[in-house]
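The opening position of the sequence shown corresponds to residue 1 in UniProt numbering, with each subsequent residue numbered one higher. Just so you know, even glycine gets a beta-carbon here, dropped at the ideal spot from N, CA and C.
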Amino acid sequence: MKINKIFTAVFLSVLFINTGYSQNIKVDVNLNIKHSVEGVSDFGRERHMTVHSTPTEVDWVGEEDKLNYLINDLDVYFGRDNGSATWKFQDTPEDPDRTSKPDVDEMQNRANYLKNLYDQKYLAHQYENKGAMIMGINPHPIYPTLNWYERGRTWHGWQPWELDTSVEWIVEYLDKYFEKNEGESGEPLPTYWEVINEPDMEMMTGAMMCTSQEKLWEFHNLVAYGVRARLGDKAPKIGGMTWGQHDFHLQDGINRVPDDRYDQWLTPESLPVYHNMIDSQVNATRGDNWYQWDVMWQGFIDTCGDNMDFYGVHLYDWPQSSRDKGALRTGGQVEATLDMLEWYDNYKFGQKKDIVISEFGAVSGWLDEVSAKRRAWENLRPFNSMFMQFLERPSHLVLTMPFAPVKAEWGDVRDEDGNLIKRYPSTLLDEDENGNWQWTDFVLFYELWKDVDGTRIDTKANNLDILVDAYVKNNHVYLILNNLKFEEQTLDLHLFDDYTNKVQGVKMNHLFFDESKGTFGESVMDERTFTTAPGAIKIAGDGTIVLDYTFENPVTIDQTSEEKKFMSEILEDGTTAIGGVKFRKRVEPNETLTTHINNVVVPSGAGEVTLRIAGRFWESGMQPKEITFNGHSLPLTTDWRGETRDSRNVWFGVYELDVPIEYLETNNTVTCTAKGNYAEYTTVMIQVFDFSKEPKRSDKIASVAVTSLAIDEASLDLMVDENKALNAHVVPENATNTAVTWSSSNEGVATVDEFGIVTGVSEGTVTITATSVDGSFTDSATVNVSAFSATAVSSISINEGDTMSIEYYKTTPLQVNINPINATEQNVSWSSSDTSIVEVDSNTGKVVGKVIYGTATITATLTDPNNGGMVHSASTLITVDPPADFVSVTGVSITPDEKTLTAIGEKVQLTEVVLPSNATIKTHTWSSSDTNVATVTENGLVTAVANGTAQITVVTTDGDFSASCNLIVEISTDTGNKIVIEAEEFNTTGGTFDDGYVAAPYGVNKGSTAINYVNSGDWVTYENVNVEDAAEYNIVYFISTPVANAQVQISVDGNIVSTDNVTNTGGWDSYGALTASQSIELTSGMHTVKVVASGSNAWQWNLDKIEFQQKTLSTKAFKKTVSSAYIYPNPVVNSLTINGENSQEAFVVRILTPQGSLLKVLKIDGIPSTIDVSDLDTGVYLLNVGNTTVNKTLKMVKTK
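This is the structure:
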């Protein structure tokens, strides 16, 4: 929710009035001092304003306006994708010559197909380089989980049984499916490759992922070796371990099955295979504290760290209904976690490795049950607070990503009827009551931060619960404030500038949760604009504020602050249970930890120092008895980051204490004495800030009193319901307390809020007074309120002019100017003269060019109801220019270039190759020279219609190059009728496999023209299939599959008729005709048909329709042919001809004795036909022609 008014005093956002001023938290900002950490000082939107998505994700189909808003308007970057590798692996056939190995040749074919598809997704191309993409795999089925259920296997029925197989596939995948050089086909290679995503959540659980820690470590090393060996300097950065757990100080938090759990079902041959993956030497301490560090993290770093380019880290809060429950990792635990990784890297490798925070937010069972609004807020809170902690480590945390996938329907829970039971808890989009996808409150994170950018400058708050950061971009200063406490806080804001540079205005966005809104509370974005810089501000509990200051001139940054950390020696040189270095130290109550931090670079001039002591502390021993720094006892406080009230009675966090700069030496000694309970210390560090000049700190500056106050405007005119601002300034500008209160002499005429915003209520004159809190100085302004009167529009124009050029498929905004600027009507609609060339959003005026060198006129129209409905319009002629790196098409080829189809409905997929491979525009059109013979889809899928020849032609959009396939249709004459069953018109369906896609959840999915998502064992029935003519029928399926081991079985009236293998047609939509191996004789009347997917592969086929093609004549026609039958010569010696009305149908000829005894049965393929009777003795015989129900008996005489 966004608001323009403050609702309650509880969530009052900005105050110019301020009681108890000296008790507020002080926030200092030095505008002229750049703050760098190891040379990094930029905000880095491309590193932090990221979304868990890709430009080509199917969730954006139909939501292109939202995609444009997120990526272009809010300036968000892609992304992460660890799902597409899963389905591409599932689609990989087994190598016919290597059991349980991928078919590498077929991978190349699929890669070429997907690259070609990607090349035609031009709308996505404008985004393809926006963001450093993270990719990777999920455990099932790419990793050899040995899961014997469907999720462990590919769609082709095979699965990997060893690490080498999975590694081989990953190497081939990265090598074949991506663009490795600029201009090649395909999507770009990812920047980061996470080896495997959260394996700890499934390993040795009911999810049946059979593996050990050691195998996971080996897998990381093998992937790193394999990918780098194949791709060389093109290889993405390789990293892990993206554990789902993140409590270094605790035991394994997942219940796991014993290593021999599956032995009872294993054969002697499979037993060693499973135990090769399962057996482990590091499981004994799963129940001990520090297991997650000693084994899961340190064990991984010790084994794989040398081969990793980065660590993938996930961090989540675990909120519950009560604030003192759950586990809030935001604050102290985030600091202790990152300090521990940084210290150990420096200890082991001499430098720290990059960290990618590829997921952060909130997750818990309670969140699954609460309202969507509350669920979103519990994520928005750590989205902002954790993120601000990440921003303090810009050289270490190279990429961060809040976890909010787009639609994530793959995570929904549905009942057997397809009804939604539980929505996936963390999504950017949700369906409204009309089935339209709308933004959830998750988007508020991106809206809050949408403008923040620039160079980081010095900031400091005198309370660790207030996170503060600031950035300068030209004449804008973005000050970000976050409250880690549950309670509202009041902040004194002090902006120090060495130069005279007036603030022209301040825009504020305050994001917080209002319990009083809606049924369960709502997230609120309070947006305000005012012209006077606030001296004090109130921030809601857990709230975040972004203040955008606009200065008269660009802000000068000519001073520096260089931040660097220095690590202590190892606290205790012990050994973990698995043989690693145990560097933490346990200290009993009243005992003292002593450590040294040497080789510190002491600032030669101004500087500041922070001491950081991290560890695991009992609630009864959180505050130490004493801390000394080089013999100086430091003042102790209970000021640590964030809340410590949760369901745990221990705190894993960091003491952060300011140390006077004069205490700092090159070699330093730090002591910390425990109190109340034992403490387990992990790391000790010193943060040193080396300043080029002394920073201004408000608590060190003498108070400056206000000497006067003035309102800029002596008078103000406004209409009823109109808002205008008065601006008050205290003198001097550097006064300590600049807070001001406002009042109205008659609120019945006009009101004034705490920001000096005056609102007209009724006609009249009123006095508005400003009073300084310090000294009570006053000044007043006269406000004249008149009746509301609409201001008519005089004209409109397009800001970009009468003509303009836009780049091909790059979304470009247009802006309309409405004159006068204060006109009442502001609604403009946009239209295009040709949307096929230039498409325009009717509401926003954003245009997309779709045809290079094409032109279209874009028109803005405004209808002014305040001037008799007068219509104003303005137009611009847009030309679509090619992109800067445009590569022209030089030709096109087609495969195959000749093809013969032999059945109506038979299909063939034609493939085009546009040259060169790096051509910019690879779009093309398909056509058939005779659609009465064959039709072709926009993707080159050809369908036979009737006998004849047609030229199937592909023509490139760029250059009009063409190629053709000579398509011949030769269909045998159909002598009978045809019964067509459209596959999607079934009566019932069922099955045994829940594939997560269909609504049932068992059975097939009903598409608009076919059935799909058909799994092994799925079935459909068709009732009351009407057969008018009793006859023999061939059964023809129009069916498609890209997999092996697919099979279809058909039954009629409960009797199985035919079971047939379905061969690979090349794709799920590449339908071909398949004639069943067995035909069927159908009687006239109603029948029930059942079709079953009887193959062994999990995924089977898609079905367009079934045809019963009459093989024999109808009963009436058959009777006519039989009645006309006659024989000659008669008497006969050797060969007898049966003649009559011509027919190509099969007949049965029975030869009997005059007494009716059957001697011989022959089958003829039509009339006329000749049969051999030379083996019969001389005599008289009866010759019966027809079938069991329709026949004719003739008398035959056999002679010599």
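Sort out for me which residues DSSP pairs residue 476 with in a bridge.
Residue numbering aside, residue 476 sits at position 476 when the sequence shown is read from its first letter. BP columns for residue 476 point to 473 and 550.
With DSSP collapsed to three states, give me the class of residue 153.
As a working note, residue 153 is residue 153 in the sequence shown. It is coil, neither helix nor strand.
So, with DSSP's three-state summary, where would you put residue 1194?
Numbered from 1 along the sequence shown, position 1194 holds the residue referred to as residue 1194. Strand.
Closest Cα partner of residue 318 within the set 1165, 1083, 327 and 247:
Within the sequence shown, the letter at position 318 stands for residue 318. Selected option, being the one with the closest Cα: 327.
Starting from residue 808, follow the beta strand (DSSP E) in both directions and report where the run begins and ends.
The residue given as residue 808 occupies position 808 in the sequence shown. No beta strand (DSSP E) contains residue 808, which DSSP labels as neither H nor E.
How would you write the range of the beta strand (DSSP E) that residue 715 sits in, first residue to last?
Residue numbering aside, residue 715 sits at position 715 when the sequence shown is read from its first letter. Here the beta strand (DSSP E) through residue 715 covers 715 to 719.
How about residue 1203 and residue 989: are their beta carbons less than 7 Å apart?
Residue 1203 lies beyond the residue range present for the chain, which begins at 1 and ends at 1200; the question has no answer from this structure.
Nearest-angstrom Cβ-Cβ length linking residue 849 and residue 838, presumed shorter than 8 Å:
Walking along the sequence shown from the start, residue 849 turns up at place 849. Walking along the sequence shown from the start, residue 838 turns up at place 838. Rounded, the Cβ-Cβ distance is 5 Å, consistent with contact.
May I have a chain-ordered list of the alpha helix (DSSP H) segments no shorter than 4 residues that lie completely inside the region 323 to 358?
Correct list: 332 to 349.
On the three-state DSSP scale, how would you describe residue 301?
Along the sequence shown, read from residue 1 onward, the residue named residue 301 stands at position 301. Residue 301 falls in the helix class under three-state DSSP.
Pairing CB atoms from the region 650 to 667 with CB atoms from the region 326 to 342, are three or more of them under 8 Å?
yes
Using the three-state DSSP reduction, which class does residue 640 fall into: helix, strand or coil?
What you label residue 640 is simply residue 640 of the sequence shown in a count that begins at 1. Coil at residue 640, not helix or strand.
Who does residue 102 pair with in a DSSP beta bridge?
Translated into positions along the sequence shown, residue 102 becomes position 102. Answer is 94, bridged to residue 102.
Local conformation of residue 1158 per DSSP, three classes
Within the sequence shown, residue 1158 is the residue found at index 1158, counting from 1. Residue state, collapsed to three classes: strand.
Output the distance between the C-alpha atoms of residue 608 and residue 555, rounded to the nearest integer angstrom.
Position 608 of the sequence shown, counted from the first residue, corresponds to residue 608. Position 555 of the sequence shown, counted from the first residue, corresponds to residue 555. Looking at the two C-alpha atoms, the distance is approximately 24 Å.
Measure the CB-CB distance between residue 29 and residue 495 and report whether it falls below 7 Å.
If you number the sequence shown from 1, residue 29 lands on position 29. If you number the sequence shown from 1, residue 495 lands on position 495. Closer than 7 Å, so yes.
Ordered along the chain, which non-local residues of its own chain (more than five positions away) have a Cβ less than 6 Å from that of residue 389?
By one-based count along the sequence shown, residue 389 stands at place 389. Excluding residues within five positions, the ones whose Cβ falls inside 6 Å are 334.
Nonlocal neighbours in the same chain, by C-beta distance under 8 Å from residue 466, ignoring five residues either side:
As a working note, residue 466 is residue 466 in the sequence shown. Result list for residue 466: 25, 27, 481, 482, 483, 484, 489, 491 and 539, in chain order.
List the whole-angstrom C-beta distance separating residue 876 from residue 831, where the pair is believed to meet the contact cut-off of C-beta under 8 Å.
Numbered from its first residue, the sequence shown carries residue 876 at position 876. Numbered from its first residue, the sequence shown carries residue 831 at position 831. Actually they do not touch by this definition, with Cβ atoms about 12 Å apart.
Name the DSSP bridge partner or partners of residue 202?
The residue given as residue 202 occupies position 202 in the sequence shown. Answer is none; residue 202 lacks a bridge partner.
Mind listing, in chain order, the continuous beta strand (DSSP E) runs of no fewer than 3 residues lying wholly within the region 374 to 403?
397 to 402
Span of the beta strand (DSSP E), counted from its first residue to its last, around residue 447
Here the question's residue 447 lines up with position 447 in the sequence shown. That residue, residue 447, is in no beta strand (DSSP E); its alpha helix (DSSP H) goes 443 to 448.
Whole-angstrom Cβ separation of residue 829 and residue 861, contact assumed at under 8 Å?
As a working mapping, residue 829 is identified with position 829 in the sequence shown. As a working mapping, residue 861 is identified with position 861 in the sequence shown. Right, their Cβ atoms sit about 5 Å apart.
What does DSSP give as the partner residue(s) for residue 1040 in the beta ladder?
Along the sequence shown, one-based indexing puts residue 1040 at 1040. BP columns for residue 1040 point to 1102.
Between which residues of its own chain and residue 1182 is the CB-CB distance below 6 Å, once the five residues before and five after are set aside?
Walking along the sequence shown from the start, residue 1182 turns up at place 1182. Excluding sequence neighbours, residue 1182 sits near 1152 and 1193.
Stretch pair the region 42 to 51 + the region 371 to 385: three plus CB contacts closer than 8 Å:
At 8 Å Cβ cutoff, the stretches do not touch.
Among 530, 385, 427 and 425, which residue has its Cα nearest to the Cα of residue 469?
As a first step, residue 469 must be located in the sequence shown, where it is residue number 469. Per the Cα distances, 385.
Simplified DSSP assignment, three categories, for residue 1096
Translated into the one-based positions of the sequence shown, residue 1096 becomes position 1096. Three-state DSSP puts residue 1096 in coil, outside helix and strand.
Could you check if residue 970 is buried or exposed, using at least 16 other CB atoms within 10 Å of its CB as the buried criterion?
As a working note, residue 970 is residue 970 in the sequence shown. Answer is exposed; the Cβ neighbour count stays below 16.
Measuring CA to CA, which of 149, 403 and 383 is closest to residue 448?
Taking the first residue of the sequence shown as position 1, residue 448 is located at position 448. For residue 448, the nearest C-alpha among the options comes from 383.
Rounded straight-line distance, which links the Cα of residue 263 to that of residue 278
The sequence position of residue 278 within the sequence shown is 278, counting from 1. The sequence position of residue 263 within the sequence shown is 263, counting from 1. About 11 Å.
State the CB to CB distance for the pair residue 740 and residue 772, rounded to an integer number of angstroms; the pair is presumed to be in contact (CB under 8 Å).
Mapped onto the sequence shown, residue 740 falls at position 740. Mapped onto the sequence shown, residue 772 falls at position 772. 6 Å between Cβ atoms; contact.
Could you spell out the range, first to last residue, of the alpha helix (DSSP H) harbouring residue 167?
Taking the first residue of the sequence shown as position 1, residue 167 is located at position 167. It spans 163 to 176 - the alpha helix (DSSP H) in which residue 167 sits, taken as one unbroken run.
Provide the residue(s) that pair with residue 862 in DSSP beta bridges, ordered along the chain.
Looking up residue 862 in the sequence shown gives position 862. The partner list for residue 862 (beta bridge, DSSP) reads 872.
Just to confirm my understanding: we take residue 974, look at its own chain, exclude 5 residues before and 5 after, and list those with CB closer than 6 Å. What are they?
Translated into the one-based positions of the sequence shown, residue 974 becomes position 974. Because the pLDDT at residue 974 is just 47, under 50, the model does not fix this residue reliably, and the value given afterwards should be weighed accordingly. The answer is none, since no qualifying residue turns up.
Exposed or buried, residue 937, counting other C-beta atoms within 10 Å across all chains shown (16 or more means buried)?
In the sequence shown, the residue the question calls residue 937 occupies position 937. When all chains shown are included, residue 937 counts as exposed.
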